[in-house]
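Trainee: Pasting a structure below so you can have a look.
Protein chains: 2
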Amino acid sequence: MPMTSRPTSRDVAKAAGVSQSTVSLVLGGKWPGRVSPATAAAVQDAAERLGYRPNRAARSLRLGSTRTVMLVVPTLNAPFFGAVYEGAARVAAQHGFGVVAYPWPEYAGPADSPFAAPDEAIDGILASSLAEDALSGFARTPVVMLDSDPAAEAPTVVFDVQGGMRAIVDHLAGLGHRRFGHVASSIDQWTFHARGRALADAVEAVPGATLVREDAALDVADAKDAALRLLGGGGPDRPTALICDDDVMSAGAYKAARARGLEIPRDLSVTGFDDVLLAAALEPELTTVRLPAGELGAAGMDALLRLLEGGRPGSLSLPGELVVRGSTGPAARGTAPIRG
Amino acid sequence: MPMTSRPTSRDVAKAAGVSQSTVSLVLGGKWPGRVSPATAAAVQDAAERLGYRPNRAARSLRLGSTRTVMLVVPTLNAPFFGAVYEGAARVAAQHGFGVVAYPWPEYAGPADSPFAAPDEAIDGILASSLAEDALSGFARTPVVMLDSDPAAEAPTVVFDVQGGMRAIVDHLAGLGHRRFGHVASSIDQWTFHARGRALADAVEAVPGATLVREDAALDVADAKDAALRLLGGGGPDRPTALICDDDVMSAGAYKAARARGLEIPRDLSVTGFDDVLLAAALEPELTTVRLPAGELGAAGMDALLRLLEGGRPGSLSLPGELVVRGSTGPAARGTAPIRG
DNA sequence: AGGGGTAAGTCATACGTATTACTGGGACGG
DNA sequence: CCGTCCCAGTAATACGTATGACTTACCCCT
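So the protein lines, in turn, are chains A and V.
Numbers given in my numbering equal positions in the first sequence, counted from 1, plus 378.
Numbers given in my numbering equal positions in the second sequence, counted from 1, plus 378.
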């Protein structure tokens, strides 16, 4: 007789000749001392044979926990956040947790969430790249912040922006560059504020180095305009290296260079940040800092799970890695003031 | 006295002076004829005042439905699938459904799913760009396939690949091109098979046109090699236009062109497919076909929800749109056989 | 021999909801 | 004036699990 609907723990009990409670004890792993090894084995065997899987809804109802975590990101329409998701989901799955992603832009508070009742339907929140108070509607829900202000109350996992920027500046300074232009993101997010500060600090540490900054939205066209402003008329005082807040903006810098007739890296060096697919697709390939987005998601989920278990996870900083490609080269002699 | 834990339907009942069943009826919207308008209003008011939200787990348990859908994609680490997710999640949210994404590559069957018991924890599956039999472990679960073989049993939403390729070929033919090279993806997926067939058909419709094809993996470096093979020694018979299976491969074609000293679009035209961010970041900007990824997800979710309601949704084909940018131009005269 | 202790299970219950079967009472028809 | 019908709502129950409170039977010790 074919089992038409899914087997329950009671079916397993019947098959093993025990009570439902015993099944629950055994499968819950808390049988030592309560159930004899022989019985436990019989139960596990029966469960296996029937292909029993516990009902998630029933378990959630009983335990008051859904074993689901919500990931809040600005968008999934960017490989970076996709990688964060994958890293987080991998770790979550290992602990029997599911992950629901929620892209932020249209987000207008808990009532607007994909879940009508976020406080109930999820056990915790992993929030990337957004202000902490944006989550004020989720009182009672444990939160871990990613790539956000570590000064916040919640545990935080960030990239070592400082180290990354210093690596870039050191690399360029070693090539003889002294006049830097910063194609900066105007987005009001901690990570970009941090990048700006880190860059300023790093440049300050280079004797005789100068830094000019122009802000732009996080897209190619706007970044191109900012880069053009930085390059100005192309006089002898123009920057010899453009440091961009992320890889996409670098593409704008490339366009600006071409518009000015400058060849990369001969006449101008350009750097990015993040190392997304685009970086290696550009011509020449982009020197940038690789941020381990997957690890960010994984480490964040790890912290969140510890938080859910009542622990008190600390904040964490993940190092980036300078990837030197073809967009950086020695500072052109010709652009230095030759005489006077 | 502050309400410490979440209000239940029983709390609402108490506050409104009715029974729990009445609350459930009213909030379920099936009260007309069973409950007086005045009472219904009182219940709704009480629910509002207490900030009542139904418990998802309890409802799932009762109804045997989780109101959650699983989205299976090859990866989220690609903007295309991120957009699919966003479109699907938007539609799902409007119907009170949540979406759990599951990246495919590590996928090894239901037991490996983020949910230990997929058949129970989800109501349906939206699967993108993968073979139907890959889901054989999910018997009993309704499935809608995206960008996959429409001949499959499950309802399908695809792009009009045929129309897109024809638009590209017509555009190029109008510019005088006759010798085409196809930088083809070697991935065994319906969409790429379809693109290959569609391209062959479209070229065949152009009198005197020829088509050569080289296969490559879906990354920049491999696509570059394939493009180099297509360009050969650069003799008079070389293709004047390279049609790539997607935008990323186009980046490889760009590199091949530069390696051969060919300028785009003067000496060589290049086209892509998909219109991801990269397309507009390349220099010159890429002529490609924009595929509405978000709409794909939305339409797929729409079909799936109808399927879950017992409907019988048909398959659907979404049109792409040719986006002409700077990578295509008139066929160079110099490359045509001048004499003989 | 009687009492206490423990090993090995079972019983009963609660989680919060949706729904079916039921009830009290008023209106209405004959 | 009595039977019938319907309105407005309620009581009871089931979904499948986890767990604290019980129960039994056996063993050991004095």
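Note that CB positions come from ideal geometry on N, CA and C, so glycine has one too.
(1) Just how far apart, CA to CA, sit A:A599 and A:R607?
(2) Locate the beta strand (DSSP E) running through V:T446, then write down its first and last residues.
(3) Assign A:D653 to one of two classes, buried (16 or more other C-beta atoms within 10 Å of its C-beta) or exposed (fewer than that).
(4) Report the residue ranges of all alpha helix (DSSP H) runs contained in full by the region 632–687 of chain A; include only those spanning at least 4 residues, in chain order.
(5) Just to confirm my understanding: we take V:T446, look at its own chain, exclude 5 residues before and 5 after, and list those with CB closer than 8 Å. What are they?
(6) With H, G and I counted as helix, E and B as strand and the rest as coil, what does DSSP make of A:P533?
(7) Between V:A524 and chain A, is the shortest Cβ-Cβ distance under 8 Å, so that the two count as touching?
(8) Is the beta carbon of V:A594 within less than 7 Å of some heavy atom of the ligand MG?
(9) Just the C-alpha distance for A:E592 and A:A505, rounded to the nearest angstrom, thanks.
(10) Please name the residues in the region 399–429 of chain V whose beta-carbon is closer than 8 Å to at least one beta-carbon of chain A, in chain order.
(11) Using C-beta distances below 7 Å, list every residue in its chain close to V:G707, excluding the 5 sequence neighbours before and after it, in chain order.
(12) Excluding the 5 residues flanking V:Q398 on each side, which residues of the same chain have their C-beta closer than 7 Å to its C-beta?
(13) Using a C-beta to C-beta distance shorter than 9 Å, which residues of chain A count as neighbours of V:K392?
(14) Since V:A594 and V:M627 are thought to touch, with beta carbons under 8 Å apart, how far apart are those beta carbons, to the nearest angstrom?
(15) Report the neighbours of A:R636 on chain V: residues whose CB is nearer than 7 Å to its CB, in chain order.
(16) Kindly indicate which three-state DSSP category V:P414 falls into: helix, strand or coil?
(17) Using a Cβ cut-off of 8 Å (strictly closer), state whether A:T453 contacts chain V.
(18) Which of helix, strand or coil does DSSP assign to A:T386?
(19) Grab me the residues of A:A551's own chain with a C-beta within less than 8 Å of its C-beta, minus the 5 sequence neighbours each way, in chain order.
(20) Does V:K602 get closer than 8 Å to chain A when you measure Cβ to Cβ?
(21) Taking DSSP's pairing of strands, which residues face V:H560 in a bridge?
(22) Please name the residue in A:A671, A:S705, A:R684 whose C-alpha comes closest to that of A:A659.
(23) Quick one: grab the DSSP three-state call for A:L378.
(24) Within 8 Å of any Cβ in chain V, is that where the Cβ of A:G487 sits?
(25) From V:D597 to V:D579, what distance separates their C-alpha atoms?
(26) If the criterion is Cβ atoms closer than 8 Å, does the pair A:A471 and A:G678 meet it?
(27) Sort out for me which residues DSSP pairs V:A479 with in a bridge.
(28) Which residue's Cα is closest to the Cα of A:D680: A:T400, A:I503, A:T444?
(29) Hey, how far is the Cα of V:A710 from the Cα of V:T618?
(30) V:T569 and V:S693: beta carbons closer than 8 Å?
(31) Name the chain V residues whose beta carbon is nearer than 7 Å to that of A:A629?
(32) Listed in chain order, which residues of the region 456–482 of chain A have Cβ atoms closer than 8 Å to some Cβ of chain V?
(33) Which bits of chain A does V:L609 rub up against, with CB to CB less than 7 Å?
(34) Consider the Cβ of V:L656: report whether some Cβ of chain A lies at a distance smaller than 8 Å.
(35) For V:F459, which residues of its own chain have a beta-carbon under 6 Å away from its beta-carbon, when the five flanking residues on both sides are left out?
(36) Per DSSP, A:M543 is paired with what?
Mentor: Looking at the atomic coordinates:
(1) For the purposes of this step, residue 599 of chain A is taken as residue 221 along the first sequence, with counting starting at 1. For the purposes of this step, residue 607 of chain A is taken as residue 229 along the first sequence, with counting starting at 1. Taking the straight line joining both Cα atoms gives about 13 Å.
(2) Numbered from 1 along the second sequence, position 68 holds the residue referred to as residue 446 of chain V. Per DSSP, V:T446 belongs to the beta strand (DSSP E) from 446–451.
(3) Counting from one through the first sequence, the residue named residue 653 of chain A turns up at place 275. Result: buried.
(4) 655–659, 671–686
(5) Here the question's residue 446 of chain V lines up with position 68 in the second sequence. Shown here for V:T446: same chain residues with a beta carbon closer than 8 Å to its own, the five before and five after excluded, namely F475, G476, V477, V478, A499, I500, D501 in chain order.
(6) What you label residue 533 of chain A is simply residue 155 of the first sequence in a count that begins at 1. Looking at A:P533 - three-state DSSP - the assignment turns out to be coil, as it is neither helix nor strand.
(7) By one-based count along the second sequence, residue 524 of chain V stands at place 146. A small fix is needed here, since residue 524 of chain V is Leu in this sequence, not Ala. Judged by the 8 Å Cβ criterion, V:L524 is not in contact with chain A.
(8) This structure simply doesn't include the ligand MG, nor any ligand for that matter.
(9) Taking the first sequence and counting its residues from 1, one reaches residue 592 of chain A at position 214. Taking the first sequence and counting its residues from 1, one reaches residue 505 of chain A at position 127. Their backbone Cα atoms lie some 29 Å apart in a straight line.
(10) The residues in question: there are none.
(11) Within the second sequence, the letter at position 329 stands for residue 707 of chain V. Cβ neighbours of V:G707 beyond the five flanking positions: L553, P643, R644, S647.
(12) Along the second sequence, read from residue 1 onward, the residue named residue 398 of chain V stands at position 20. Closer than 7 Å at Cβ, skipping near neighbours: S387, R388, A391.
(13) Position 14 of the second sequence, counted from the start, is the residue given in the question as residue 392 of chain V. Those within 9 Å of V:K392 in chain A number zero; the least Cβ separation is about 19 Å.
(14) Counted from its first residue, the second sequence places residue 594 of chain V at position 216. Counted from its first residue, the second sequence places residue 627 of chain V at position 249. Indeed, because the Cβ distance is near 7 Å, the residues count as touching under 8 Å.
(15) Here residue 636 of chain A refers to the residue found at position 258 when the first sequence is read from its first residue. The contacting residues are E661.
(16) As a first step, residue 414 of chain V must be located in the second sequence, where it is residue number 36. A quick correction: the sequence has Ser, not Pro, at residue 414 of chain V. In the structure shown, V:S414 sits in coil (DSSP, three-state: anything other than H, G, I, E or B).
(17) Numbered from its first residue, the first sequence carries residue 453 of chain A at position 75. True, the Cβ-Cβ gap to chain V drops below 8 Å.
(18) Numbered from 1 along the first sequence, position 8 holds the residue referred to as residue 386 of chain A. Of the three classes helix, strand and coil, the one that applies to A:T386 here is coil, per DSSP.
(19) By 1-based counting over the first sequence, the position of residue 551 of chain A is 173. So the list reads V584, A587, once near-sequence residues are dropped.
(20) As a first step, residue 602 of chain V must be located in the second sequence, where it is residue number 224. Chain A contact via Cβ: absent.
(21) Counted from its first residue, the second sequence places residue 560 of chain V at position 182. Looking at the DSSP assignment, V:H560 forms a beta bridge with V:R591, V:I621.
(22) The count along the first sequence starts at 1 and reaches residue 659 of chain A at position 281. The candidate whose alpha carbon is nearest that of A:A659 is A:S705.
(23) Here chain A comprises residues numbered 379 to 718, so residue 378 of chain A is not present and cannot be evaluated.
(24) Translated into positions along the first sequence, residue 487 of chain A becomes position 109. Since pLDDT at A:G487 reaches only 49, below the 50 mark, its modelled position is unreliable, and the value read off the structure follows with that caveat. Judged by the 8 Å Cβ criterion, A:G487 is not in contact with chain V.
(25) For the purposes of this step, residue 597 of chain V is taken as the residue at position 219 of the second sequence. For the purposes of this step, residue 579 of chain V is taken as the residue at position 201 of the second sequence. Distance between the alpha carbons of V:D597 and V:D579 is about 25 Å.
(26) In the first sequence, the residue the question calls residue 471 of chain A occupies position 93. In the first sequence, the residue the question calls residue 678 of chain A occupies position 300. No, the pair does not count as a contact, with Cβ atoms beyond the cut-off.
(27) As a working mapping, residue 479 of chain V is identified with position 101 in the second sequence. According to DSSP, which records beta bridges pairwise, V:A479 is partnered with V:L449.
(28) As a working mapping, residue 680 of chain A is identified with position 302 in the first sequence. The option with the nearest alpha carbon to A:D680 is A:I503.
(29) Within the second sequence, numbered from 1, the residue matching residue 710 of chain V stands at position 332. Within the second sequence, numbered from 1, the residue matching residue 618 of chain V stands at position 240. Those two C-alpha atoms are separated by around 7 Å.
(30) Position 191 of the second sequence, counting from 1, holds the residue named residue 569 of chain V. Position 315 of the second sequence, counting from 1, holds the residue named residue 693 of chain V. No, they are not a contact pair.
(31) Translated into the one-based positions of the first sequence, residue 629 of chain A becomes position 251. Per Cβ cutoff of 7 Å: A659.
(32) Answer set for the region 456–482 of chain A: A456, P457, F459, G460, A461, Y463, E464, A467, R468, A470, A471, G474, F475, G476, V477, V478, A479, Y480, P481.
(33) Reading the second sequence from its first residue, position 231 is the one you call residue 609 of chain V. Those within 7 Å of V:L609 in chain A number zero; the least Cβ separation is about 16 Å.
(34) Stepping through the second sequence from its first residue, residue 656 of chain V is reached at position 278. For V:L656, the answer is yes, since a Cβ of chain A falls inside 8 Å of its Cβ.
(35) Numbered from its first residue, the second sequence carries residue 459 of chain V at position 81. Cβ within range, chain order: V451.
(36) Here residue 543 of chain A is taken as the residue at index 165 of the first sequence, counted from 1. Looking at the DSSP output, A:M543 sits in no beta bridge, so it has no partner there.
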